[in-house]
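Asks: Sharing a structure with you now.
Residue numbers (our numbering): 12 to 195.
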């Protein structure tokens, strides 16, 4: 995913502007397939709720950034964390919770209402160990070490500190583009 700070007067990250995600496809085939298809610029599927919208992360916001908690994105419908949609319809069932939220830089499928079996397009990047999310959200990938500096950069410049309030990030951070690459 190519990330951009929209209209922000901050220096660009000198290391990288791409988040490279390694996916755990052996454990979560359905969840990983959903993420891959929404990332794939050649995949064409429209929203169930609005047929003028293509299911695509491109242009969507990282709508919440909370220091030491997570970077939240994937609301490809409203861009505010209240919606999302999967390639399987509005939502799909949880697969398994085999991988724990035990470190920074994990990718986890989140849910707008934190209700079981309502996974959609939303995801978070963990900014620390978050054991209270185990058995609620499914970890399906990890940020590759070569692009972790960008996660740190987003947290530093856009992150808020209040976990309880759904504050907007300090800067408008968007997914500029998505690309599929071969595994490392």
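Yeah, the Cβ is synthetic: ideal placement off N, Cα and C, and Gly gets one too.
Any contact of the region 87–96 with the region 48–68, i.e. 3+ C-beta pairs under 8 Å?
Replies: Under the three-pair Cβ rule at 8 Å, the region 87–96 counts as touching the region 48–68.
Asks: Is the separation between the beta-carbon of residue 112 and that of residue 164 shorter than 9 Å?
Replies: no
Asks: Would residue 85 pass as a contact of residue 133 if the rule is Cβ separation under 9 Å?
Replies: Yes, the Cβ-Cβ distance between residue 85 and residue 133 is below 9 Å.
Asks: Below 8 Å, how does it come out for the region 53–64 and the region 113–122: are there three or more Cβ pairs, yes or no?
Replies: The region 53–64 vs the region 113–122: no contact.
Asks: I believe residue 182 touches residue 168 by the beta-carbon criterion, under 8 Å. Please report the beta-carbon distance rounded to the nearest angstrom.
Replies: 6 Å
Asks: Closest to residue 158 by C-alpha separation, out of 72, 109, 136, 37, would be which residue?
Replies: 136
Asks: As a quick exercise: from 47, 107, 180, 155, pick the residue whose alpha carbon is nearest that of residue 146.
Replies: 107
Asks: Spatial neighbours of residue 131 within its chain, please: C-beta separation below 6 Å, excluding the five flanking residues on both sides.
Replies: 95, 96, 97, 102
Asks: Going straight from the alpha carbon of residue 121 to that of residue 44, what length do you get?
Replies: If I take the Cα positions, the gap works out to 15 Å.
Asks: So, at 8 Å on beta carbons, what are the nonlocal neighbours of residue 48 in its own chain, with the 5 sequence-adjacent residues on each side left out?
Replies: 54, 56, 66, 98
Asks: Would residue 77 and residue 170 qualify as a contact pair, given that the criterion is a beta-carbon distance under 9 Å?
Replies: yes
Asks: Does the distance from the C-beta atom of residue 72 to that of residue 184 stay below 9 Å?
Replies: One thing to note: residue 72 has its Cβ within 9 Å of the Cβ of residue 184.
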